[in-house]
Amino acid sequence: MTKTFNIGDQVSVLDDAIDGVVVKVEKDQITIETTDKFLMTYFVNELIKINNTSNLDYFNKSDSLDKKNIDNQLTRKQIELQKKLEKVERGVPEFDLHIEKLVKNKSGLTNYDILTLQMDTAKRHIEFAIRNRIPKIVFIHGVGEGVLKAELNFLLNRYDSISFQDGNYQKYGLGATEVYFKQNTSR
Numbered sequence: 001m002t003k004t005f006n007i008g009d010q011v012s013v014l015d016d017a018i019d020g021v022v023v024k025v026e027k028d029q030i031t032i033e034t035t036d037k038f039l040m041t042y043f044v045n046e047l048i049k050i051n052n053t054s055n056l057d058y059f060n061k062s063d064s065l066d067k068k069n070i071d072n073q074l075t076r077k078q079i080e081l082q083k084k085l086e087k088v089e090r091g092v093p094e095f096d097l098h099i100e101k102l103v104k105n106k107s108g109l110t111n112y113d114i115l116t117l118q119m120d121t122a123k124r125h126i127e128f129a130i131r132n133r134i135p136k137i138v139f140i141h142g143v144g145e146g147v148l149k150a151e152l153n154f155l156l157n158r159y160d161s162i163s164f165q166d167g168n169y170q171k172y173g174l175g176a177t178e179v180y181f182k183q184n185t186s187r
């Protein structure tokens, strides 16, 4: 039985802790937008659909439908997703490290807990970018007292394959850091 995927399907990568939504289908390769807003391409046998039975769209896209009877024209939602895909491909991933963006409720968290969560998030995004050969990302940390920026700089200095600088002042002010990943071509 051949797996079929449609644009908009929620999927999970079999051998990695990555979830996302299908944004492009080409023969046996599927491009997904991850929950971290990265675009990644996998072979059909590397993905599995996440059956979200509380979502009515799941029933509309169910494998039980006769695929031969479905019109091959793109729906408005699929066209919007393709436009979004083209737009995202040109953009640089940005990650906001403000605690309000990372947790729903910060009450009960100490300053140490907050900083630890922010740094763990930054490290996870750095490792993801290295693994997936993403050339550049931006961390939005804000100005504040400079503690988060200092800790982020300390973390970034621990990587040999990374260079970084203050983010574009016109776009971010003083509250962002651009991170560049040197690509190893011998890989």
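If you number the sequence shown the way the numbering used here does, the last residue is 187 and the count never jumps.
Ideal Cβ positions, reconstructed from N, Cα and C, are used throughout, including at glycine.
By the Cβ rule, the stretch 124-141 counts as touching the stretch 150-165, because three or more pairs are nearer than 8 Å. Distance from the Cα of Thr4 is smallest, within the candidate group Gln183, Glu46 and Asn168, for Glu46.
Note on geometry: alpha-carbon atoms of Ile114 and Ile79 lie some 40 Å from one another. Apart from sequence neighbours up to five positions away, the residues of its chain that approach Lys106 with a beta-carbon distance below 8 Å are Ile99, Glu100 and Ile114, ordered along the chain. The beta carbons of Leu156 and Asp166 sit no closer together than 8 Å.
Closest by C-alpha distance to Lys27, out of Met119, Phe43 and Asp36, is Phe43. The beta carbon of Asn153 sits closer than 8 Å to those of Phe164 and Thr177, all from its chain and outside the five residues before and after it, given in chain order. Rounded to the nearest angstrom, the gap between the Cα atoms of Leu81 and Val25 is 12 Å. Leu152 sits in a helix when the DSSP states are folded into three classes.
In the three-state DSSP reduction, Ala176 falls in the strand class (E or B).
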